[in-house]
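A.B. asks:
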Amino acid sequence: MCRSIKTLRPPAIPDDATEEEIRAAALQYVRKVSGFRAPAAHNREVFDRAVDAVAEATAELLAKLEVRGARAS
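Numbering (my numbering), first residue to last: 24 to 96.
(1) Roughly how many angstroms lie between the CA atoms of D38 and L50, to the nearest whole one?
(2) For the alpha helix (DSSP H) holding V56, just list the boundary residues, first then last.
(3) Span of the alpha helix (DSSP H) holding L85?
(4) Quick one: is A64 buried, meaning 16 or more other Cβ sit within 10 Å of its Cβ, or exposed?
(5) Would DSSP call A64 helix, strand or coil?
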């Protein structure tokens, strides 16, 4: 797995993940699975849509996770 993607849920981070942190993780994921650090112009749109979709799914996952022993929010 991509080692540069950090865990975005408590207790790994003290507060909720920011939109920037979620987007950075999504970008790293899409880079890893596509094999492109920066896509060519003809792949830019699909690459950006993939980053958006992964970021959205990540935000939803983090919002709905129930971490046992964590403080109630």
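For each residue, glycine too, the CB sits at the ideal point set by N, CA and C.
C.D. replies: Based on what the coordinates show:
(1) 21 Å
(2) V56 -> alpha helix (DSSP H) spans 42–57.
(3) 67–87
(4) With fewer than 16 Cβ atoms within 10 Å of its Cβ, A64 is classed as exposed.
(5) helix
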